[in-house]
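FYI, the numbering for the sequence shown is 163 to 299, going by our numbering.
Glycine is no exception: its CB is placed at the ideal position from the N, C-alpha and C atoms.
Here the structure is laid out as structure tokens; the discussion comes afterwards.
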Amino acid sequence: KIRCIGWNQEISEKIGLYIVRHEKVGTYSLPWLHEIYPWSKSSIGECILHVDFLGNPFAVVQVLKLELMYFKEISQEHTNLDGPPVRDLNIWKKLHEEYWSRELKIINKKTTPEMPVVIEKFKCIFSLEEGFLDENS
């Protein structure tokens, strides 16, 4: 399986850096979207090749745990799996609500507190970090 995280190259590289540095160890998805993109559904133990927005591979992650819950039940403990800039619960919820609202338009659904969310915990098992710039450069 191949996965690209991010909506442009700049964001994709930033997220990628957090993944290869083991600062981002989780991601989040919607079962509603898995219905129309069945290949996007993960399985425990599965290895996923991560690519940047341009399709360049940078890491392989292995899925450790999947947890299903309602959007309203997501806590700070869950958002701590994400990259440092979006770990704050309020920032995380705002960002994901905006992102998923755009994604859900194609199936005529909206984000709601009762919306099911899959929390995927993973570990980076291989990386090609030399392709990434340091955050300070």
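In this structure TYR190 is buried. Its beta-carbon is surrounded by 16 or more other beta-carbon atoms within 10 angstroms. Here the C-alpha atom of LYS283 lies approximately 19 Å from the C-alpha atom of MET277.
For TYR261, the enclosing alpha helix (DSSP H) has its first and last residue at 251-266. Beta-bridge partners of ILE206 (DSSP): none assigned. Excluding five sequence positions before and after GLN171, the CB atoms of its chain that fall closer than 8 Å to its own CB belong to ASP214, PHE215, LEU216, given in chain order. Scanning its chain for C-beta atoms nearer than 8 Å, with the 5 sequence neighbours on each side dropped, one finds around GLU265 the residues LEU192, LEU195, in chain order.
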